[in-house]
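Heads up, the sequence shown is in our numbering, so the first residue is 36 and it goes up one at a time.
Quick reminder that beta carbons are idealized off the backbone N, C-alpha and C, glycines included.
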Amino acid sequence: MDIKRSFVKQLLQSTEFNKPVNVKGWVRTKRDNKQIAFVAINDGSTINNIQVVIDMTSFDENKFKLITTGSSLSVTGTLVQSMGKGQTVEIQAKEVEIYGTADPETYPLQKKGHTLEFLREIAHLRFRTNTFGAIFRIRHAMAFAIHKYFNDHGFYYLHTPIVTGSDAEGAGEMFHVTTLDMHKLPKSEDGKIDFSQDFFGRETNLTVSGQLEAELGATALSNVYTFGPTFRAENSNTPRHLAEFWMIEPEMAFYDITDDMDLAEDFLKYLISYALENCKDDLEFLNNMYDKELIERLNFVVNNKFERIDYTDAINILTQSDQKFEYPVKWGSDLQSEHERYLVEKYYKKPVMVTNYPKEIKAFYMKQNEDGKTVRAMDVLFPRIGEIIGGSQREEVYDKLVTRIKEMGIPEKEMWWYLETRKFGTVPHSGFGLGFERLILFVTGMLNIRDVIPFPRTPKNAEF
Ligand code: 4AD
Ligand code: MG
């Protein structure tokens, strides 16, 4: 008899007892004696396992040896109420099919706990642990919630290019994209590489941000967002930096910096509430295993208004504190992670949004303030993370934008398409970028960004 496969999650919630069911998954643990065996199966649908009970008096002993931790099974049997502790239902097995066994001598995920560092080395198998099952289910839920939030708020999902000829942030830390032969690079007369012979007939890179293209969309569709991979070739070996990370970038016409901050706060609170409501089992597991204050912290962020301060206030608070910082604090220099975390964790004890940064430390496209010194940037700083969002109101006045581009030595000619939005029907507009992995770090309570993306790309590391 062919019985439709059920997910473990469905069966654990089912009260349709004494009916035939089928479950497929991987063995987590096995306990047995001569009469009876208990096999815990997980299929990724939930952090919880379903217990399969096997009558050993009629089960082939050699076949039973193949049912090892990590092996894959299809079990058909009867769903019954469980008398055992810790579960409400179990399956009385009638038929067990083994897809693949896992040799206990070599399968690296035996019962004992493993360090997160070790699991990074076996990233191809770490999905099978409770921890990474929980993290990647939460990551999925957050991606879904992001699309839902924007769809419900009248935003269009815009696919901006991954290969680009522009350097959005003027940062110059990009990965080249080329089909030129590295051993025989064509040179022009002045000795420089002749990119006109390259695939796109010009120099191209992997994008660091979809913002500039999102701005083009926003000046017609009003509210758009991008959600895609971005790439930064900076040599930052920290627990919060990846060379390949995912970014969510909404861009809104007719929004000023206050509208931008209101959206950022509402958006973050929505996402965290969504996780609290929809990822309960996984969050409780992570709370118990790694971070006893996780759920409390998530609730706190949802229920408290973010502090909004000026960069200048931030500098004053930092210079007046008796905390010793590794990096000096002075007006004009960028806030380091230690400064951001002092403001959030020690001073305000809640998320902080900082605005009006010195123009020298921010990108060319940010709206210039009357004072001639600061721009309408806004960063959202979170406990344990530091900067989770970076955004701004954009400079919509053509002349001011061109002046700034010239001052910063950005090739004006290459920006012609961007500048035309300021020539034809320009509007005030704003946007921000949320680092997806930093959000997942915060929501899961993990401490290293390598543990919240399936296959991390960091300096000297692109295995798997
Ligand atoms: O502050 P950033 O560089 O801003 C932008 O790229 C703008 N174009 C966004 C916009 O206004 N549309 O990056 C935005 C966010 C940061 O706040 C951080 O959360 C994340 O992206 N981020 C990184 N996450 C992981 N690894 C890295 N190397 C990151 N660099 C930035
Ligand atoms: Mg930033």
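query, result
"Where the beta strand (DSSP E) containing Met287 begins and where it ends", "Glu279 to Ala288"
"Asp414 beta carbon near the ligand MG (any heavy atom closer than 7 Å)", "yes"
"Which of helix, strand or coil DSSP assigns to Val43", "helix"
"N-terminal and C-terminal residue of the beta strand (DSSP E) that Thr113 is part of", "Ser107 to Gln116"
"Start-to-end residues for the beta strand (DSSP E) that takes in Met413", "Thr409 to Phe417"
"Close beta carbons around Glu132, own chain, < 7 Å, minus the five adjacent residues each side", "Leu108 and Ser109"
"Start and end residues, beta strand (DSSP E) containing Met296", "Element bounds for Met296: not the beta strand (DSSP E) but the alpha helix (DSSP H), Ile292 to Asn313."
"Residues that DSSP places opposite His464 in a beta bridge", "Ala288"
"Rounded straight-line distance, which links the Cα of Asp90 to that of Pro264", "50 Å"
"Alpha-carbon to alpha-carbon, Ile71 and Ala278", "51 Å"
"Range covered by the alpha helix (DSSP H) that runs through Asn186", "Asn165 to Asp187"
"Nonlocal neighbours in the same chain, by C-beta distance under 6 Å from Asp369, ignoring five residues either side", "Ile396"
"Contacts around Asn77, its chain only, beta-carbon distance under 7 Å, and the 5 residues preceding and following it disregarded", "Val43, Gly60, Trp61, Arg63 and Asn84"
"Rounded separation between Leu482 and Val337 - CA only", "20 Å"
"Per DSSP, cross-strand counterpart(s) of Glu449", "Glu449 is not bridged to any residue."
"N- and C-terminal bounds of the alpha helix (DSSP H) containing Asn391", "Not the alpha helix (DSSP H): Asn391 falls in the beta strand (DSSP E), residues Val387 to Pro393."
"Cα-Cα separation, Ile197 to Phe280", "12 Å"
"Inter-residue spacing [alpha-carbon to alpha-carbon] between Glu269 and Val432", "31 Å"
"Candidates Thr195, Ser244, Gln145 and Lys304: closest to Ala180 by CA position", "Lys304"
"Within 8 Å, strictly: CB atoms of Glu373 and Phe360", "yes"
"Whole-number beta carbon distance between Ile420 and Arg174, since they are thought to touch under 8 Å", "With 8 Å as the limit, Arg174 and Ile420 do not qualify as a contact, their Cβ atoms being about 16 Å apart."
"Residues near Val212 by beta carbon distance below 7 Å, same chain, minus five either side", "Val198, Thr239, Asn240 and Leu241"
"Beta-carbon separation (whole angstroms), Phe341 vs Lys381, contact threshold 8 Å", "That pair is no contact at about 16 Å."
"Cβ neighbours of Tyr142 in the same chain (closer than 6 Å, five flanking residues each side left out)", "Gly105"
"Unbroken stretches of the alpha helix (DSSP H), 4 residues or longer, contained in the region 40 to 82", "43 to 48"
"For Gln246, the first and last residue of its enclosing alpha helix (DSSP H)", "Gln246 to Leu256"
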